[in-house]
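K.L.:
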Amino acid sequence: MTKILPIVLRELLWLFAALLIAAILATMLHAGLQAQGTLYRQLLAEVPSAAPFHLGLLFFALCLVGVYVSRLAVAAVDSLLKSQH
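Have a look at this one:
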């Protein structure tokens, strides 16, 4: 149990950081698209009703997946480098 607890806490910390970063990135992406008037209107035309809310969730999910995949890639490279020494 004493070996598992630090691993679980580290992963929860990474998850919290990923959620926070994904929320910031999604907000920036949404604001950036809204500043590009025609591109944002074209994007809204492609999604169903209640689009701004659904679009925000889509941006958040995509950013969360991107952040967590990046974290896994860094962990894999770190593990590879540690195995070579």
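If you use the working numbering, the sequence shown closes out at 731, no skipped numbers anywhere.
Every residue gets a Cβ at the ideal spot worked out from N, C-alpha and C, and that includes glycine.
(1) Leaving aside the five residues before and after A672 along the sequence, list all residues of the same chain whose C-beta is less than 7 Å from its C-beta, in chain order.
(2) Take L665 as the anchor and find which of S725, R717, Q688, A721 has the nearest alpha-carbon.
(3) Beta-carbon within less than 6 Å of L675's beta-carbon, same chain only, minus the 5 sequence neighbours each way: which residues are those?
(4) Q680 to K649, Cα distance in whole Å?
(5) Just to confirm the assignment, what range does the alpha helix (DSSP H) spanning T673 have?
P.N.:
With the given structure in hand:
(1) For A672, where only same-chain residues beyond five positions count, the Cβ hits under 7 Å are G702, F705, F706, C709.
(2) R717
(3) F705, listed in sequence order.
(4) 47 Å
(5) First-last of the alpha helix (DSSP H) with T673: 650–681.
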